[in-house]
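*Asks:*
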Amino acid sequence: EYNQYGPPSVLHLTEAPKPFPRDNEILIKIRATTVTAGDCRLRALNVPFGFRTLLRLFLGFSRPRRRVLGMELAGDIESVGKAVSKFKPGDSVFAYSGIDMGCYAEYKCMSEDEAVVLKPPNLSYQEAAALSYGGTTALNFLNRAQIKSGETILINGASGAVGSAAAEIAKHFGAEVTGVCSTVNLAWVQSLGADHVIDYTKEDFTGNGKKYDIIFDAVGSAPYSRSKTSL
Ligand SMILES: NC(=O)c1ccc[n+]([C@@H]2O[C@H](COP(=O)([O-])OP(=O)(O)OC[C@H]3O[C@@H](n4cnc5c(N)ncnc54)[C@H](OP(=O)(O)O)[C@@H]3O)[C@@H](O)[C@H]2O)c1
304 EYNQYGPPSV LHLTEAPKPF PRDNEILIKI RATTVTAGDC RLRALNVPFG
354 FRTLLRLFLG FSRPRRRVLG MELAGDIESV GKAVSKFKPG DSVFAYSGID
404 MGCYAEYKCM SEDEAVVLKP PNLSYQEAAA LSYGGTTALN FLNRAQIKSG
454 ETILINGASG AVGSAAAEIA KHFGAEVTGV CSTVNLAWVQ SLGADHVIDY
504 TKEDFTGNGK KYDIIFDAVG SAPYSRSKTS L
């Protein structure tokens, strides 16, 4: 948990009582979780200056109220409340707790109606735990862009949690995908299905004369003012 905002050293191990599920809740024994860019930003209040006060109001003004970070998990259901009908003890699940957090723990209770689903058996706990934060964010923004089959999309930050999910989901929708990442990740982004890759350490996509139907900026380094000539 963490009791103050700051660098990774504010995190420490602690003992906490095991939670008990309410009637509509499941108790999950967590087997895997992730450290996302979102966790790091919340821990350090690393947001644009104007948003910091708003974030403090939400998370706790002088210190965090929710002391356990972690937005996604995979694990096994240990017990269920008496009104739960979708899951049973022993089910393996993965889940997204989002801003409610609490996944850097051994146990977490969630309502059966929250973002929790059965884990496909062919995914490891680690693979499943890493799906939902990037996946839900990418899908949300691709839907807002109303992506269609045959369209061209450039994904800035295609090797990150959000960008790699965006690359795979955009391919699923039938788009022609160009992924932007660093040299070391070019082959991996291609293995996700990207049709073209651009190394941002060697080439500025805004200067190569190519145009795209959609530019998906998962980094923040390609705002509209910089990217509009490539649209
Ligand atoms: N609004 C929301 O709902 C929401 C939700 C989730 C995330 N976010 C935000 O979205 C951002 C990305 O999150 P994430 O979890 O995907 O982060 P991440 O996993 O750390 O990935 C960062 C990506 O940025 C790339 N990158 C770094 N510098 C770059 C540059 N100059 N040009 C192009 N790409 C560059 C990295 O490429 P290499 O590793 O190859 O260098 C990597 O692909 C974060 O700021 C996060 O807070 C917002």
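Per the working numbering, residue 304 is the first one in the sequence shown, and the count goes up by one each step.
A virtual CB, placed ideally from N, CA and C, is assigned to each residue, including glycine.
Could you check what DSSP says for D342 in three-state terms: helix, strand or coil?
*Replies:* helix
*Asks:* What number of angstroms, rounded off, separates the C-alpha of S388 from the C-alpha of A335?
*Replies:* 24 Å
*Asks:* Hey, is S312 close to ligand 1, as in C-beta under 7 Å from one of its heavy atoms?
*Replies:* Incorrect: S312 has no Cβ contact closer than 7 Å to ligand 1.
*Asks:* Bridge partners for V419 per DSSP, in chain order?
*Replies:* Answer is A398.
*Asks:* Where do the N-terminal and C-terminal ends of the alpha helix (DSSP H) with Y428 fall, by residue?
*Replies:* Y428 to A432
*Asks:* When the Cα atoms are used, what is the spatial distance from L358 to A469?
*Replies:* 26 Å
*Asks:* Can you give the Cα-Cα distance for A398 and A432, rounded to whole angstroms?
*Replies:* 7 Å
*Asks:* Is N590 helix, strand or coil by DSSP?
*Replies:* Residue 590 is absent from the model: the chain starts at 304 and stops at 534.
*Asks:* Can you give me the start and stop residues for the alpha helix (DSSP H) that H475 sits inside?
*Replies:* According to the DSSP assignment, H475 belongs to the alpha helix (DSSP H) that extends over A464 to H475.
*Asks:* Roughly how many angstroms separate the alpha carbons of G463 and D342, rounded to a whole number?
*Replies:* 14 Å
*Asks:* Could you check whether the Cβ of C484 sits closer than 7 Å to any heavy atom belonging to ligand 1?
*Replies:* yes
*Asks:* Quick check on the DSSP output: the beta strand (DSSP E) that includes A335 runs from which residue to which?
*Replies:* First-last of the beta strand (DSSP E) with A335: E328 to T336.
*Asks:* By the 10 Å Cβ neighbour count, where 16 or more other Cβ atoms means buried, how is A386 classified, buried or exposed?
*Replies:* exposed
*Asks:* For ligand 1, I want to know if G438 counts as a neighbour, meaning its beta carbon is within less than 7 Å of at least one of the ligand's heavy atoms.
*Replies:* no
*Asks:* Starting from the C-beta of Q307, find all residues in its chain whose C-beta is less than 6 Å away, skip the five residues before and the five after it, and write them out in chain order.
*Replies:* V313 and R366
*Asks:* Once the 5 residues before and after S414 are set aside, which same chain residues still bring their CB inside 6 Å of it?
*Replies:* N327 and E328
*Asks:* Specify the secondary structure class of A377 as computed by DSSP and reduced to three states.
*Replies:* strand
*Asks:* What does DSSP give as the partner residues of C412 in its beta bridges?
*Replies:* L330
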